[in-house]
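First comes the structure, then the notes that go with it.
Residue numbers (the numbering used here): 44 to 209.
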């Protein structure tokens, strides 16, 4: 591999046929199911801050986004901004309005720069009262995989249980 030279910003590269054949033989394919077992994906990679478990929050490209539902329709962006800015600096707040009535549709997306600010908002405002309604606050993006919840019972697929006879 020491004798391979990578050239950039050149329109035409002259190579002999035996050099091209040698490069093709030394190259390895990097697609399909074998990629996960190859050495390409082994190594040190950067990790995002926050929880790493499946079903945990996932950072968007610019920040941590929470999704707030059951917001009172007469709430204004300023009311929501004032309430949720108690937990940290709000980077972005998006509230959809109904075209016909001009009122809020009932949900809001709020973006925080820091994980701990968004986490505090989710923990403290979920099931909290706001303008007489109980808010539901959760993460907008979650990591792939199942949430680790002990509340759910796993359902068995197959035949339904036969009725008990006395």
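Glycine included, each C-beta is placed from N, C-alpha and C at the ideal position. Note that the structure is predicted; figures quoted are calculated from it, not measured.
Under 8 Å between the Cβ atoms of residue 101 and residue 185?
Along the chain shown, one-based indexing puts residue 101 at 58. Along the chain shown, one-based indexing puts residue 185 at 142. Yes, these two residues count as a Cβ contact at 8 Å.
Cβ-based neighbour list, residue 125, same chain, cut-off 7 Å, excluding 5 preceding and 5 following
For the purposes of this step, residue 125 is identified with residue 82 of the chain shown, where counting begins at 1. Taking residue 125 as the centre and dropping the five residues before and after it, the same chain places no C-beta closer than 7 Å to its C-beta.
DSSP puts residue 181 in a beta bridge; with which residues?
Taking the chain shown and counting its residues from 1, one reaches residue 181 at position 138. Residue 181 is bridged to 110.
Strand pairing of residue 165, partner residues [DSSP]
What you label residue 165 is simply residue 122 of the chain shown in a count that begins at 1. DSSP output for residue 165 lists no bridge partner at all.
Through-space distance from residue 171 to residue 119, alpha-carbon basis:
The sequence position of residue 119 within the chain shown is 76, counting from 1. The sequence position of residue 171 within the chain shown is 128, counting from 1. Near 17 Å, if we compare the C-alpha coordinates of residue 171 and residue 119.
Pull the bridge partners of residue 160 from the DSSP assignment, please.
Here residue 160 corresponds to residue number 117 of the chain shown, with the count starting at 1. DSSP lists no bridge partner for residue 160.
Length of the line joining the Cα atoms of residue 181 and residue 130
On the chain shown, residue 181 is found 138 positions in, with the first residue counted as 1. On the chain shown, residue 130 is found 87 positions in, with the first residue counted as 1. Their backbone Cα atoms lie some 15 Å apart in a straight line.
Within 10 angstroms of its Cβ, does residue 162 collect 16 or more other Cβ (buried), or is it exposed?
For this step, residue 162 is matched to residue 119 along the chain shown. Buried: at least 16 other Cβ atoms inside 10 Å.
In angstroms with no decimal places, state the Cα-to-Cα distance between residue 149 and residue 112.
As a position in the chain shown, residue 149 is number 106, starting the count at 1. As a position in the chain shown, residue 112 is number 69, starting the count at 1. If you draw a straight line from the Cα of residue 149 to the Cα of residue 112, it comes to about 6 Å.
Pick helix, strand or coil for residue 57, following the three-state DSSP scheme.
In the chain shown, counting from the first residue as 1, residue 57 sits at position 14. Three-state DSSP puts residue 57 in coil, outside helix and strand.
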